[in-house]
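The numbers in the numbering used here rise by one with no breaks, and the one at position 204 of the sequence shown is 212. All C-beta atoms in this analysis are idealised placements derived from N, C-alpha and C, irrespective of residue type, glycine included.
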Amino acid sequence: MTTMNKNETYHEHQPVLLQESVEYLITDPGGIYVDATLGGGGHSLALLSQLNSDARLVGIDQDDEALRAANDRIGNDARFSPLKGNFGYLTRLLSPELQGEVSGVLFDLGVSTHQISDAGRGFTFQEEGPLDMRMSNLRGVTAYQVVNEYSYEDLRDVIYHYGEERFSRKIAREIIDRRPLETTTELREAVEAVVYGKHQIKSVARVFQGIRIEVNRELDMLREGLEQSLEILHTGGRIVAISYHSLEDRIVKKFFKAGNHEGKIEKDFYGNPMTPIEEISGGIIRPTEEEINKNRAARSAKMRVAEKINLPEV
Ligand SMILES: C[S@@+](CC[C@H](N)C(=O)[O-])C[C@H]1O[C@@H](n2cnc3c(N)ncnc32)[C@H](O)[C@@H]1O
């Protein structure tokens, strides 16, 4: 278990692609912005340093500890409003007068260094902790329920689809044989009992990733968050999305291409594309070698940026 002061560890979360994301996000220094994944407030602090006194920044997180730490870090700034909630409910979280007025929404997805390094939250397989993995203490299933109560088929599918783990069948069977599992160590041991060799640790990481995605409904929430961002942005407003695994990036890529999750480009009667969004980053932006050397957590980051565009008149 970590013995560090909780806010201290939050401050240790090094914001990824900081300069690049801030530069892309801000189109109007006096505009309204949403940091949909406030975390320790690293990106928000940098945004505030570039915004003028007319600007507003709403910082959302579903984790109480993140909100507390970000508040401490940012201090009393009249432009900043922290908000507890899930970005999957963005339009409901923001006050009605902000809808259609927002200049930029930032998603820095996944978990923060703090959440991972607090063994008591159950995200890490490197230390023993309870099978929890909830980012929010609001509600929802825990990792314990997924591991101990899901049917074989559901557990296998979580591991296969969300963990992208090819040994999902034998891992799911082993977990079920060992029930009940109480701790992250027991879950890790179940995987290690059936996957051998140099890829063993990657399989453990993938199983943990799959269960975390299921517990937090991460992919559904991302789809919702992207769709609702488009509703709250004004024309010319931007979405900056930093993702950390291919499942997230695939969702972002498809949405930025077509403005819907099917990736289907709608056309008008004359065959003109009716896409409400345009990717302006020219594909993926990755951290530099220098950033990765300083911050290992940045190594899998992929950033994409899109702008809301005017639909042509018909
Ligand atoms: C990678 S951290 C963000 C770090 C932040 N950019 C910084 O520089 O300190 C991701 C944060 O997003 C939060 N989060 C993830 N999914 C969320 C969701 N659906 N709704 C609200 N917050 C979410 C997590 O609780 C975590 O604090």
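Q.
On the DSSP bridge list, what partners appear for residue 249?
A. The residue labelled residue 249 in the question sits at position 241 within the sequence shown. Beta-bridge pairing links residue 249 to 115 and 312.
Limits of the unbroken beta strand (DSSP E) element including residue 92 | Residue 92 sits at position 84 when you count from the first residue of the sequence shown. For residue 92, the uninterrupted beta strand (DSSP E) segment begins and ends at 88-92.
Opposing strand residues paired with residue 42 [DSSP bridges]
Within the sequence shown, numbered from 1, the residue matching residue 42 stands at position 34. The partner list for residue 42 (beta bridge, DSSP) reads 66 and 113.
Q) Where does residue 95 land, buried or exposed, given buried means 16+ other C-beta within 10 angstroms? A) Numbered from its first residue, the sequence shown carries residue 95 at position 87. Buried, by the Cβ-count rule.
Is it a yes or a no for the segment 131-144 touching the segment 32-40, going by three-plus beta-carbon pairs under 8 Å?
no
Requested in this report: Go to residue 4, then tell me how far its beta strand (DSSP E) extends in each direction, as first and last residue.
Outcome: Nothing about residue 4 can be reported from this structure: the residues present for the chain run from 9 to 322 only.
When burial is assigned at 16 or more other CB atoms within 10 Å of the CB, is residue 108 buried or exposed?
-> Residue numbering aside, residue 108 sits at position 100 when the sequence shown is read from its first letter. Residue 108 comes out exposed.
Taking 8 Å as the cut-off, is the C-beta of residue 95 nearer than that to any heavy atom in ligand 1?
In the sequence shown, counting from the first residue as 1, residue 95 sits at position 87. Within the cutoff, so yes.
**Item:** Short CB-CB distance (under 9 Å) between residue 285 and chain C
**Value:** Absent here is chain C; the protein component of the structure consists of one chain.
Given this structure, state the Cα-to-Cα distance separating residue 287 from residue 85, to the nearest angstrom. Translated into positions along the sequence shown, residue 287 becomes position 279. Translated into positions along the sequence shown, residue 85 becomes position 77. If you take the alpha carbons of residue 287 and residue 85, they lie about 32 Å apart.
Assigned exposure category for residue 394 - 16 Cβ within 10 Å defines buried: Outside the modelled stretch of the chain, which goes from 9 to 322, sits residue 394, for which no answer is possible.
Requested in this report: Give me whichever residues DSSP pairs with residue 327 in a beta bridge.
Outcome: In the structure displayed, the chain extends from 9 to 322; residue 327 sits before or after that span and is not available.
Exercise for review: Can you tell me which of 20, 117 and 167 puts its alpha carbon nearest to the alpha carbon of residue 43?
Suggested key: Translated into positions along the sequence shown, residue 43 becomes position 35. That would be 117, whose Cα lies nearest to the Cα of residue 43.
Pairing CB atoms from the segment 214-231 with CB atoms from the segment 116-131, are three or more of them under 8 Å? yes
Pick from 74, 185 and 312: whose alpha carbon is nearest that of residue 21? Within the sequence shown, residue 21 is the residue found at index 13, counting from 1. Checked all of 74, 185 and 312; the closest Cα to residue 21 is 74.
**Item:** Cβ contact check for the segment 253-268 and the segment 310-321: 3 or more pairs under 8 Å
**Value:** By the Cβ test, the segment 253-268 is in contact with the segment 310-321, since at least three Cβ pairs between them sit closer than 8 Å.
Legend entry - Cβ neighbour criterion (16 or more within 10 Å) applied to residue 278: For this step, residue 278 is matched to residue 270 along the sequence shown. Exposed: under 16 other Cβ atoms inside 10 Å.
query: Three-state secondary structure (DSSP) at residue 102?
result: Your numbering for residue 102 matches position 94 in the sequence shown. In the three-state scheme derived from DSSP, where H, G and I count as helix and E and B as strand, residue 102 is classed as coil.
(Q) Tell me which residue opens and which closes the alpha helix (DSSP H) that residue 235 is part of. (A) Position 227 of the sequence shown, counting from 1, holds the residue named residue 235. Residue 235 -> alpha helix (DSSP H) spans 226-240.
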